[in-house]
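To keep things clear, I will list the structure first and then write my remarks on it.
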Amino acid sequence: MSETRLSGVPVSPGRASGPVVAVAEPAGAPESGPAPSDPQAEAARIAPAARVVAERLEALAGQASGDAATILLTSAAMAGDPALISEAERLVAAEGRPAERAVYEAANGFAKALAAAGGYMAERVRDIEDIRDRVIAELRGVAPPGVPDLAGPSVLVARDLAPADTAGLDPARVLALVTEEGGPTSHTAILARSLGIPAVVAVRGVLALEADALLVDGDTGVVEVVAADAPVVAATREGASEWNGIGATADDHRVKVLGNVGSPADARAAADAGAEGVGLFRTEFCYLDAPAEPPVGEQRAAYAAVLAPFAGKPVIVRTLDAGADKPLAFLSPAAEPNPALGVRGLRVAFDRPDVLDRQLEAIAGAAADSGAEMSVMAPMVATAEEAAWFAERVRAAGIARAGVMIEVPAAALAAEEILAAVDFVSVGTNDLAQYTFAADRQLGAVAGLNDPWQPALLRLIAMIGAAAKASGKPAGVCGEAAADPLLARVLTGLGMTSLSMNASAIRAVGAGLATATLADCEAAARAALKAATPAQARAAARG
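In structure tokens form, the structure reads like this:
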């Protein structure tokens with residue numbers, strides 16, 4: 012055995028060790044022939060198989076809650092997507108493909124388009140591949156791919172895990188997760204945290220590792236071979252888990268602990284977890300399946316339903332983050348060679364300000380209906396001029412507070428000028444890392460560059476924090492970085508005044524902040540900023 016110790020990106024804290032169980036790879040590509048003797052009957056098999064898969068995922072969602080339920084329902088909706096089914100049926104009828112091959116090709120076409128889009132849409136590639144494999148298994152009459160039955164507590168090792176696999180895991184039997192692919196913003200990461208399972212992703216070479224048992228450290232990212240007869244150690248974590256619901260350090264320095272939401276279910280989960288408000292309300296759910304722009308009244312009602320649990324509390328709504336990376340039919344986006352760097356986010360509104368104005372009208376109405384304390388921010392802002400243009404339209408719509416997301420390095424470098432034009436900023440660490448390091452956040456081979464502990468990323472955030480402090484205006488973080496309790500202290504030390512995250516991380520972050528003083532946070536931030544690598548930054552902050 013040439014290697015006994017590997018490293019990856021830690022995404023869910025805790026240490027555990029035990030016997031290894033490998034998750035089998037999905038079956039290979041189905042044969043492209045022979046052509047079916049009765050194409051009509053062959054095509055008719057597809058929709059019922061997809062419906063069975065969707066119903067199974069919906070049933071799993073009914074047994075889950077929070078992030079897991081939301082992600083499973085999204086997967087169920089993808090399984091029943093009429094566009095996917097109709098394309099597979101067309102391939103049977105027009106191209107003579109067997110049903111299994113038709114589903115394979117149709118799903119791969121969708122996955123390729125999503126991967127090319129980048130950003131949020133690229134995060135759905137693993138989902139569509141999982142749906143593809145499940146429908147093919149149903150057509151073949153075999154068990155769907157996924158996690159095998161576990162005889163006892165085990166460490167799961169996989170190339171990657173589909174959302175349905177991760178959401179259905181039993182924390183009593185799964186000691187830890189290790190994947191060769193994936194990244195810090197993947198569903199595996201989000202769900203592992205929500206389940207309290209230590210996890211490390213992007214561990215290159217782990218599938219070839221000859222190991223009967225592994226020790227997994229979800230705090231440092233180290234995965235180490237241990238003796239097969241070593242004691243089984245269930246997940247152990249540092250830090251307190253109790254929280255009084257008020258985001259503050261031990262010496263009462265206020266740092267709001269907020270929720271990231273994108274649906275009514277998300278909002279309920281965040282409220283139940285004790286979120287003090289919403290730091291990122293993604294409004295795309297109202298648009299993604301719409302063949303035409305939803306009317307103002309329909310948008311207003313949809314937003315108000317999400318905001319209902321937060322009457323009297325602060326809510327930050329992000330305007331439509333769409334464009335070439337999240338193509339919407341009614342916007343008629345032109346094809347682009349690199350959509351992640353194209354007309355997306357606020358850039359769409361420069362060509363279609365009427366769409367933005369109608370959304371702002373709906374948001375203002377939803378604020379009145381729900382009683383939430385409303386703020387609005389724009390995605391993909393690069394310059395102070397863009398920020399000022401957006402702020403003017405927000406205030407014209409009768410919304411008092413306008414802000415922007417800082418997701419590109421140019422905006423971080425111009426934070427002082429941008430803050431002069433708006434009331435607040437919010438750092439989207441997922442995209443800021445991606446654009447800073449020129450590393451696709453969905454590509455496992457470069458996941459280490461998207462580690463939120465990268466010192467270069469922390470130095471950009473420090474610049475934003477300094478500009479916010481000088482302006483007397485708030486700056487928050489709404490990317491996945493805020494979900495790490497240790498990193499939350501560093502972000503506080505860098506000058507962030509609010510932290511927003513998925514519901515599963517809220518209590519741990521709130522409890523972690525309460526055990527440190529502001530001076531502790533500032534000391535941790537200074538130590539992390541001096542580090543040369545993400546691992547050194549983590550170690551320095553912890554020390």
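For the sequence shown, the positions run 12 to 554 when the numbering used here is used.
Using N, Cα and C, we set each Cβ at its ideal position, and we do this for glycine too.
- Looking at the DSSP output, Asn271 shares a beta bridge with Leu291.
- In the structure shown, the three-state DSSP call for Leu505 is coil.
- Only residues of its own chain outside the window of five on either side were considered, and among them Leu371, Ile374, Ala375, Ala378, Met385, Ser386, Val387 have a CB closer than 8 Å to the CB of Ile410, listed in chain order.
- Residue environment for Lys541: exposed (fewer than 16 other C-beta atoms within 10 angstroms of its C-beta).
- Straight-line measurement puts the Cα of Ala33 at about 47 Å from the Cα of Ala360.
- Straight-line spacing of the CA atoms in Gly455 and Glu403 works out to 40 Å.
- For a cut-off of 8 Å, the C-beta gap from Asp138 to Ala173 is around 7 Å, short enough to register as a contact.
- With a minimum length of 3 residues, the unbroken runs of beta strand (DSSP E) contained wholly in the segment 160-210 fall at 165-169, 185-190.
- In this structure, Phe435 places its C-beta atom within 8 Å of the C-beta atom of Gly414.
- Excluding its 5 nearest sequence neighbours in each direction, Ser274 has C-beta neighbours in its own chain below 8 Å: Thr81, Phe296, Val317, listed in chain order.
- For Ile417, the uninterrupted beta strand (DSSP E) run begins and ends at 412-417, by DSSP.
- With a threshold of 16 other beta carbon atoms within 10 Å, Gly483 falls short and is exposed.
- Less than 8 Å divides the Cβ of Glu100 from the Cβ of Ala54.
- When beta bridges are read from the DSSP output, Ala313 appears opposite no residue.
- In the three-state DSSP reduction, Met89 falls in the helix class (H, G or I).
- Close CB contacts of Arg553 within its chain, under the 7 Å cut and outside five residues either way in sequence, are with Leu497 (chain order).
- Here Ala393 is not near Glu428, since their CB atoms are 8 Å or more apart.
- About 11 Å separates the Cβ atoms of Gly258 and Gly487, ruling out a contact at the 8 Å cut-off.
- Judged by pairs of C-beta atoms under 8 Å, the segment 55-68 touches the segment 145-154, as three or more such pairs exist.
- When the Cα atoms are used, Val168 and Leu188 turn out to be separated by approximately 6 Å.
- A Cβ-Cβ separation of about 20 Å leaves Ala281 out of contact with Val22 under the 8 Å criterion.
- In the structure shown, Ile257 falls within a coil segment according to DSSP collapsed to helix, strand and coil.
- Your pair Ala539 and Ala527 does not check out as a contact, with CB atoms roughly 14 Å apart and the cut at 8 Å.
- Asn271 counts as buried, since at least 16 other C-beta atoms from the protein chains shown sit within 10 angstroms of its C-beta.
- If you keep only unbroken alpha helix (DSSP H) runs of at least 4 residues inside the segment 393-448, you get 395-407, 420-424, 426-432, 440-448.
- Between Glu418 and Asp442 a beta carbon distance of about 4 Å is seen, short of the 8 Å cut, so the two are scored as contacting.
- Straight-line spacing of the CA atoms in Pro242 and Leu71 works out to 32 Å.
- Under the DSSP assignment, Ser386 falls outside any alpha helix (DSSP H), being part of the beta strand (DSSP E) whose first and last residues are 384-389.
- DSSP places Val32 in the uninterrupted beta strand (DSSP E) bounded by 26-33.
- Look at the beta carbons and you see the segment 285-296 touching the segment 313-329: at least three pairs across the two are nearer than 8 Å.
- A Cβ-Cβ distance of about 6 Å is found for the pair Pro195 and Pro463, placing them in contact under the 8 Å criterion.
- Membership of Glu235 in the beta strand (DSSP E) is indicated by the continuous run 233-237.
- Counting every other CB atom within 10 Å of its CB across the protein chains shown gives Lys267 a total of 16 or more, marking it as buried.
- Taking a cut-off of 8 Å for Cβ pairs, the segment 212-222 and the segment 39-48 do not touch, as fewer than three such pairs fall below it.
- Rounded to the nearest angstrom, the Cβ distance from Ala389 to Met416 is 7 Å, consistent with a contact under 8 Å.
- For Gly476, the CB contacts under 7 Å within the same chain, skipping 5 residues up- and downstream, are Ala486, Leu505, Gly506, Met507 in chain order.
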